[in-house]
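Have a look at the structure below before the remarks.
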Amino acid sequence: MESIDVLVAGAGPTGLTMACELRRFGLRVRVIDPAPRTTEHSKALVVHARTREVFEAMGLRAAVEAEGQALAAVQVYFEKELLGQLDLEQLGPAVPRPLFLDQSTTERLLQDHLLRLGGAVERGRKLLSFRDEGAQVVATIGGDDGREETVTARWLVGCDGAHSAVRHGLGLPFEGSAYEDMFDQADLKISWDRPPGLGCAFLRPAGLCVFAPLPRDRYRIIVMGGDGHTPEPTLEMFQRLADELVPGAVLHDPEWILRFRLHHRMVPRMAVGSVFLAGDAAHIHSPAGGQGMNTGIQDAFNLAWKLAMVARGAARPELLASYDAERHAVAKRTLEMTDRLFRGATSRRTMSLRKLAVATVLRFRSLQARLVRRMSQQGVSYRETGPVVDARSWPHASPRAGDRAPAAMLRAGDATVSLHALVASSPKMTLLLMHGSSRSQALSIAGRELAERWGRSLVVRDLVLGTGDADTLGDPSGAVVRGWRVRAPELVMIRPDGHVAVRAPLRRIDALQAYAARWFQQDATCG
């Protein structure tokens, strides 16, 4: 009977991200999926800025952005009346732009990355049953050939979608309901005079209609509304809709036409013993804001480093409880937000209010920027739900403990490295010794002592304002030292997923020491 660290059920974007990260951190992983191949359809499309940071940490950002279509602007209509335009390029570089990429491409890039890491998806294999024995999970997997196999794993992670066998095996309810409306969708090409990267949204009494730009000069048309009693959607039906909304547009070369119903559901918890749920296995919601796939990928990014630290003996097993505390809260907020957006966009009783609200947002650039940032998921924070400590005196300048560390480019010798890639490079916490404009000998000594005691759990790096040197990270632009308002020598611990775990001035090093004693396993060589 084979024994591994993690069995991952499901090889969609969430399961593939999980498997890639676990392999990158050196764990023994098997990933199974009953499908014979990656999806052939576009499915989930939007790759938000926070997910692009995840792909950057994995070494995939350039490949993802090379194959994606950036959203340049969205024109919003009330029926045929143009209310205004959300111009993302005009919001400036500080406001992240969403990227459109077929899920089939996302899965291909992740699967190829997994192969480079020495892993592979076992296709045509599914989870038949499992039992959690505390120290290990014993699972039975099988395929269409009738061959069954028993696998023991320290942990089981269910990334196996809305009909999750792992969730059913845990006996967890999938609380929520289905939306009443049906949705018609087509991925196709459009011959018209509109520039690439332009999306269009039409608010109509009959239901919202969206034209979203895809890679390879294609568009997705989604029509929300309807009771399912009308004939199945066809290219001719979508052409009649285009004739009404954008006269002169010619639709052709359809790749995918379908009708579907959406649900909004989630589990009461995302972890039970040694078994975890992630992505659609734990939460599903409307496509409003393109949050679903992004939330699942970030579930995986949150859990993988914690499993790796515990597996390596660098963190106490109690750390794993933070996965459910952090990600269940995020999933709940996301479901509530997408439900509000969806109901607001599809309600036939609030057309005048919807028109006024949309027109107001389109009139003010600050409101547009706030909306785009909210959708980007860069504002997700674990201040209230995660194992984090902020030992500074009030007021606490951002980022606070639990927040995502803002993106920054640092100097490491002769190279330039992103902060997010740096902290994700190993399954350890990164402790930045922030010296400011001048070095603090006391801070350096404290850092060395912490490295000696917690070396399995911490990578300690000095950070100074300026270019640094061969042994010191430099902050040439001041994005961290000045941007984070570091006033005195400070210790900042950042997790591999890019969230701040601890902020403490040197005089409060006791707070960081207490955090380490609570969550880390002390090196055996230390007293």
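Positions 1311 to 1837 (the working numbering) are the ones given, in order, by the sequence shown.
Glycine included, C-beta positions come from ideal geometry on N, C-alpha and C.
As the structure is a computational prediction, the values presented were derived from the model and not from experiment.
- Taking 9 Å as the cut-off, the Cβ atoms of glutamine 1379 and phenylalanine 1410 count as close.
- Cβ contact annotation for threonine 1361 (same chain, cutoff 6 Å, sequence separation greater than five): Asn1604 and Ile1607, in chain order.
- In terms of CA proximity to proline 1505, Arg1528 leads the group Arg1528, Cys1519 and Pro1515.
- Contact between valine 1364 and proline 1408 is ruled out by a C-beta separation of about 14 Å, above the 8 Å threshold.
- Take the alpha-carbon of alanine 1372 and the one of leucine 1419: they are about 11 Å apart.
- Annotation: threonine 1695 to valine 1640 spans about 10 Å, alpha carbon to alpha carbon.
- Taking aspartate 1649 as the centre and dropping the five residues before and after it, the same chain places the C-beta of His1574, His1595 and Ser1596 closer than 7 Å to its C-beta, in chain order.
- Arginine 1664 sits in a helix when the DSSP states are folded into three classes.
- With contact defined as three or more Cβ pairs closer than 8 Å, the region 1485-1496 and the region 1575-1590 are in contact.
- DSSP, reduced to helix, strand and coil, places tyrosine 1529 within a strand of the structure shown.
- The distance from the Cβ of methionine 1744 to that of valine 1791 is about 6 Å, consistent with a contact at the 8 Å cut-off.
- Between the region 1586-1593 and the region 1475-1483 there are three or more inter-stretch CB-CB distances shorter than 8 Å, so the stretches are counted as touching.
- Among the bridge pairs identified by DSSP, threonine 1726 is matched with Arg1721.
- One thing to note: proline 1543 has its Cβ within 9 Å of the Cβ of valine 1533.
- At the C-beta level, leucine 1424 and arginine 1333 come within 9 Å of one another.
- Shortest Cα-Cα distance from histidine 1562 to any of Leu1545, Gln1601, Val1318 and Asp1634 involves Leu1545.
- The beta-bridge partner set that DSSP reports for arginine 1771 consists of Leu1742.
- For glutamate 1762, the enclosing alpha helix (DSSP H) starts and ends at 1751-1763.
- Distances from the alpha-carbon of valine 1668 to those of His1351, Gln1446 and Val1386 put Val1386 closest.
- The DSSP assignment places 1585-1587 as complete runs of the beta strand (DSSP E) inside the region 1577-1611, in order along the chain (cut-off: 3 residues).
- Within the same chain, Val1533, Pro1543 and Arg1569 come within 6 Å of aspartate 1494 by CB-CB distance, once the 5 residues on both sides are set aside.
- Between alanine 1463 and aspartate 1315 a beta carbon distance of about 7 Å is seen, short of the 8 Å cut, so the two are scored as contacting.
- Of the residues Arg1805, Gly1778 and Ala1701, the one whose Cα lies closest to the Cα of arginine 1817 is Ala1701.
- In the three-state reduction of the DSSP assignment, tryptophan 1615 falls in the helix class, which pools H, G and I.
- Across the structure, leucine 1438 and alanine 1717 are spaced so that their CA atoms are roughly 43 Å apart.
- Rounded to whole angstroms, the Cβ separation of glutamine 1688 and arginine 1714 is 6 Å, and the two are in contact under 8 Å.
- In the DSSP assignment, proline 1323 falls within the alpha helix (DSSP H) that extends over 1323-1334.
- Between the alpha carbons of tryptophan 1704 and alanine 1404 lies a distance of about 27 Å.
- The Cβ neighbour count for glutamate 1458, taken over all protein chains shown within 10 Å, is under 16; the residue is labelled exposed.
- For glutamine 1421, the three-state secondary structure derived from DSSP is helix.
- Leaving aside the five residues that flank leucine 1482 on each side, the residues in its chain whose CB is nearer than 6 Å to its CB run, in chain order, Val1577.
- Counting C-beta atoms within 10 angstroms of its own C-beta, glycine 1558 has fewer than 16 neighbours from the protein chains shown and is therefore classed as exposed.
- Between the region 1666-1686 and the region 1344-1351 there are fewer than three C-beta pairs closer than 8 Å, too few to call the two in contact.
- For glycine 1479, the enclosing alpha helix (DSSP H) begins and ends at 1475-1480.
- Beta-bridge annotation (DSSP): phenylalanine 1521 is paired with Cys1510 and Ile1531.
- A distance below 6 Å between beta-carbons, with the five flanking residues on each side excluded, links leucine 1822 to the following residues of its chain, in chain order: Leu1801, Val1812 and Ala1814.
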